[in-house]
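What follows is one structure encoded as structure tokens, with my remarks underneath.
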Ligand SMILES: NC(=O)c1ccc[n+]([C@@H]2O[C@H](COP(=O)([O-])OP(=O)(O)OC[C@H]3O[C@@H](n4cnc5c(N)ncnc54)[C@H](O)[C@@H]3O)[C@@H](O)[C@H]2O)c1
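Residue numbers (UniProt numbering): 1 to 381.
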């Protein structure tokens, strides 16, 4: 019998489902000492929460997250609610001695993120932020190749995250499903929502960012607020692009928008080094494109590695099906959870911790500051 890790999940939306799926599947595929036990789920609507509990197998429900945090039959609180709630729930959960798993972006601001880091660190509780794209096997493989020095000196890092779902001017802002458009709940627009993913991966693959020069735009200036029915100004960035300089001397170019007609969730990244380059595309997530200048001249070219093999070097894939059969988006959460459970057993913190996610928050805050001031901004200023 595995020892249970008793989960209290807050939020029954997109991420609530993705995490619940991971909790249910992880022990079937990964040999971890601890097994998640779905103890309780919380969201505000009792009927919807009960339906969610029935669907995913939670033992009980709550409609006030404070009651959940106070329960003594819960080991870990998982925060899957809009960004404006991450800080308060984290502080309460840490004070109650619970582990905290939090969705990204960590916080609304750097100042709030600092308080959250302090809360979990002073309480000495395990903590992690769900920047799940690190656990796409092809992205993890990219990390391994970079760490082995295959690229040599890195010159360029570029990333895009493109969507098109907010182009309609009559789309309301705020409330259920549309909180991402309301700056009071989201903190920012594409910068915290999409660029934060690109920045997290970039910091992981290519190291710290020193300074940024950004521009952003809000294409639709006012929208009806779903909760009040009133037309109110839109405070989020609809699109944002920035240049940056990394500590290792390489140059970065990042772009994100919800106004790229035809793109639904196109996250792409490319790294160009002295000896080799690599690129990855979320729409083809099981492939890593790789070019090595060391290849024999006649055969030199971009190769497309189908990251599904079991030969021991392709990350995570030996846990799934037979070689050649690919996995998808939901598996990234299973992988991150498996790593977290392993970390609890070994005593090694699983990345990204809250502190790691604070570094991403600092870049995002610098990006927003630079766009506002139309000037270069130092990260961490
Ligand atoms: N890692 C990723 O790739 C990824 C993807 C999507 C969202 N996210 C992050 O996950 C978080 C949630 O996003 P989502 O897409 O799941 O949102 P969602 O709108 O689908 O779900 C939010 C849930 O929170 C609940 N909720 C809101 N206020 C609450 C409160 N006061 N008490 C209890 N429950 C409350 C809602 O009822 C809903 O069930 C956000 O921080 C978002 O940035 C991360």
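Positions of the beta carbon are idealized from the N, C-alpha and C atoms, including for glycine. A quick note: this is a predicted structure, and the numbers were derived from the prediction, not measured.
Where DSSP assigns a beta bridge to residue 62, which residues make up the other side?
42
Using 8 Å for Cβ pairs, my map puts residue 142 next to residue 278. What's the rounded Cβ distance?
5 Å
Out of 351, 305 and 239, state which residue places its alpha-carbon closest to the alpha-carbon of residue 137.
305
Whose C-beta lies closer than 6 Å to the C-beta of residue 110 among residues of the same chain, with five residues either side of it excluded?
361, 362 and 365
Spell out a yes or no on whether the segment 4-13 and the segment 310-318 are touching, meaning 3 or more CB-CB pairs, one atom from each, closer than 8 Å.
no
Taking just the CA atoms, how far does residue 50 sit from residue 369?
42 Å
Ligand 1 heavy atom lying under 7 Å from the CB of residue 280:
no
Less than 7 Å between the CB of residue 85 and some heavy atom of ligand 1, yes or no?
yes
Taking residue 331 as the reference, which of 219, 161, 169 and 28 has the closest Cα?
28
Between the alpha carbons of residue 54 and residue 74, how many angstroms are there, rounded?
19 Å
Coil, strand or helix - residue 6 by DSSP:
strand
Determine contact between the segment 189-198 and the segment 249-266, defined as no fewer than three beta-carbon pairs at a distance below 8 Å.
yes
The alpha helix (DSSP H) enclosing residue 15, as first and last residue numbers
14-29
What first and last residue would you give for the beta strand (DSSP E) that runs through residue 131?
Counting along the chain, residue 131 falls outside any beta strand (DSSP E), and DSSP gives it neither H nor E.
Going by DSSP, which residues form a beta bridge with residue 272?
156 and 277
Measuring only from the beta carbon, is residue 24 closer than 7 Å to any heavy atom that is part of ligand 1?
no
Could you tell me if the beta carbon of residue 67 falls within a distance shorter than 7 Å of some heavy atom in ligand 1?
no
Does the beta-carbon of residue 103, which I'm using as the reference point, lie nearer than 7 Å to any heavy atom of ligand 1?
yes
For ligand 1, I want to know if residue 15 counts as a neighbour, meaning its beta carbon is within less than 7 Å of at least one of the ligand's heavy atoms.
yes
Any idea which residues DSSP pairs residue 304 with across the strands?
289
Residue 265 beta carbon near ligand 1 (any heavy atom closer than 7 Å):
no
Check whether the Cβ atoms of residue 69 and residue 89 sit closer than 8 Å, and answer yes or no.
yes
From the DSSP secondary-structure annotation, give me the bridge partner or partners of residue 213.
243
Quick check: what's the CA-CA separation for residue 225 versus residue 173?
5 Å
Cβ-Cβ distance between residue 275 and residue 250 below 8 Å
no
Give me the DSSP bridge partner(s) of residue 267.
161
Cα-Cα separation between residue 286 and residue 296, rounded to whole angstroms:
26 Å
Would you say the beta carbon of residue 12 is closer than 7 Å to some non-hydrogen atom of ligand 1?
yes
Inspect the beta-carbon positions of residue 39 and residue 60 and report whether they are closer than 8 Å.
yes
Give a yes or no on contact between the segment 121-136 and the segment 98-106, applying the rule of three or more CB pairs nearer than 8 Å.
yes
Quick check on residue 232: does DSSP put it in helix, strand or coil?
strand
Where the beta strand (DSSP E) containing residue 254 begins and where it ends:
251-257
If we count Cβ pairs, one from each stretch, closer than 8 Å, do we get three or more for the segment 209-220 versus the segment 148-155?
no
Examine ligand 1 and report whether any of its heavy atoms sits within less than 7 Å of the Cβ of residue 80.
yes
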